[in-house]
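Using UniProt numbering, the first residue of the sequence shown is number 1, and each one after it goes up by one.
Virtual Cβ for every residue (Gly too), placed ideally from N, Cα, C.
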Amino acid sequence: MNPGSRKIFRAKPPDKGSFPLDHDGECKEYMKRYMKCLRENNNGNHLCRTESKDYLQCRMDRQLMAKEDFEKLGFHQSIQSQDHNIDQIDHDNIQNSTKSTS
């Protein structure tokens, strides 16, 4: 192979830069909850959004990563509004079942 024909690989830094590791285990419990959720849900990270968000919030609060808006981290719909939607559906179902028995 001709050495002049090789493609040169140029490494580029990560988009978010480097960040410190959690050597003191400040967010270890949050990480464990998130990993447990992933294991229990066949690695379906969409089912572990609350745990993921809690873990990232812990890291931001302890300066283990830069503070970032959750929308920029992929949390386009807030967890709280998802919970509200579920509560509203439950409330509507109760209302409908009460009307049908009257």
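Which class does SER81 belong to by DSSP, given the choice of helix, strand or coil? Any reading at SER81 must be qualified, since the residue scores a pLDDT of 46, below 50, and its modelled position is unreliable; the value itself is stated next. Helix at SER81.
Does DSSP put ASN42 in a helix, a strand or coil? DSSP places ASN42 in coil when its eight states are reduced to three.
Work out the CA separation of ALA11 and GLN80 for me, nearest whole Å. In this prediction, GLN80 has a pLDDT of 49, which is less than 50 and means its spatial position is unreliable; what the coordinates show is noted afterwards. A straight-line Cα-Cα distance of about 39 Å links GLN80 and ALA11.
With DSSP collapsed to three states, give me the class of ASP61. It is helical.
Looking only at its own chain, which residues have a Cβ that is under 6 Å from the Cβ of TYR30, when we skip the five neighbours before and after it? So the list reads ASP54, TYR55 and CYS58, once near-sequence residues are dropped.
Go ahead and pull the three-state DSSP assignment for ARG6. Reduced to three states, the DSSP call for ARG6 is coil.
State the DSSP-derived secondary structure class of CYS37, mapped to helix, strand or coil. Helix.
As assigned by DSSP and simplified to three states, the class of CYS27: In this structure, DSSP gives CYS27 a state outside helix and strand, which the three-state scheme calls coil.
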